[in-house]
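One structure below.
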Amino acid sequence: MKLQFEWDHDRTSDARDRVLDRAVRLGGAEIVRWLAQLAMTDPSSGARAASALGRIADPRAADQLLRLARSDASPLVRAQAAHALGASGRPAHAAALAGLVEDSAQPLRVREACAFALARIGDAEVVPALGRALDAAATMEDAPEGESLRVAIVEALGHIGSESAREFLRRHGARALGEAERTAVEQALRSR
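Using our numbering, you'd call the opening residue of the sequence shown number 39 and step up by one each time.
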């Protein structure tokens, strides 16, 4: 691949940024695989490669992004793949993303990124899964990460905006919530 050659032969920061920008514009499954590999193996540029992965907005890459989000790659790479799915994915990908949000064994970063991706996809079919995830996350009251996950789910439900999403938001809003979470619920209920 030409980008790999350019990456290997010009190691300056500016040149590598240009290669990553071109990779984002090209998109596609092969680019996703290459960026994920860079992100996981290049200690000096891995974070930049992961960030580039998260900026891909190519429907042709969506299936590969979903495989990556569900893989055993690092949480950063998986979260960036999920983030990109928000721009690249279709409702067909939503159920798998909702499953990741709901799975308490998944890293928090991945679960939050999947919730934000679902907000962008906007498929009302995943509202029951998001509602279950919100209810389960409500038991994480004492942990700061519980609140950040709940806020991500609340934002996703608010963006989807269906009546069933609004019902989950109203029910969650009746709980004893911190100020930030209460504000998120109120904003989500005002959206749409």
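Glycine included, C-beta positions come from ideal geometry on N, C-alpha and C.
Roughly how many angstroms separate the alpha carbons of R209 and V223, rounded to a whole number? If you take the alpha carbons of R209 and V223, they lie about 10 Å apart.
Where in the segment 88-169 do unbroken runs of the beta strand (DSSP E), each at least 3 residues long, occur, reported from the N-terminal end onward? Contiguous beta strand (DSSP E) elements confined to the segment 88-169 do not occur, taking only those with 3 or more residues.
Under 6 Å Cβ to Cβ from A95, same chain only, skipping five residues before and after it: list those, please. Within the same chain, A95 has close Cβ partners A125, S126.
Contact defined as beta carbons within less than 8 Å: I believe P166 pairs with R128. What is the distance between those atoms, to the nearest angstrom? Incorrect: roughly 19 Å between the Cβ atoms, too far for contact.
Starting from the C-beta of G84, find all residues in its chain whose C-beta is less than 6 Å away, skip the five residues before and the five after it, and write them out in chain order. In its chain, beyond the 5 residues on either side, A77 have a beta carbon closer than 6 Å to the beta carbon of G84.
Cβ shell of L135 (< 6 Å), same chain only, five flanking positions each side left out: A distance below 6 Å between beta-carbons, with the five flanking residues on each side excluded, links L135 to the following residues of its chain, in chain order: C152, A155, L156.
For G211, three-class secondary structure by DSSP: Helix at G211.
For R149, which residues from the same chain have a beta carbon less than 7 Å from its beta carbon, with the 5 sequence-adjacent residues on both sides left out? The beta carbon of R149 sits closer than 7 Å to those of L138, V139, L187, all from its chain and outside the five residues before and after it, given in chain order.
Looking only at its own chain, which residues have a Cβ that is under 7 Å from the Cβ of L73, when we skip the five neighbours before and after it? For L73, where only same-chain residues beyond five positions count, the Cβ hits under 7 Å are A61, A87, A90, L91.
Give the DSSP-derived three-state secondary structure of R49 in the structure shown. Coil at R49, not helix or strand.
Buried or exposed: which applies to R54, given that a residue is buried once 16 or more other Cβ atoms fall within 10 Å of its Cβ? Buried, by the Cβ-count rule.
Flag this pair as yes or no: are the beta carbons of G65 and A117 separated by less than 9 Å? By the CB criterion at 9 Å, G65 and A117 fall outside the cutoff.
Pop quiz: D161 and A132 are said to be a contact at Cβ under 8 Å. What is the actual Cβ separation, rounded to whole angstroms? Yes, D161 and A132 are in contact; Cβ-Cβ is about 4 Å, under 8 Å.
Within 8 Å: the Cβ of V164 and any heavy atom of the ligand NAP? Among the components of this structure there are no ligands whatsoever, and the ligand NAP is therefore not found.
Can you grab the Cα-Cα spacing for the pair L114 / E201, in whole Å? Taking the straight line joining both Cα atoms gives about 33 Å.
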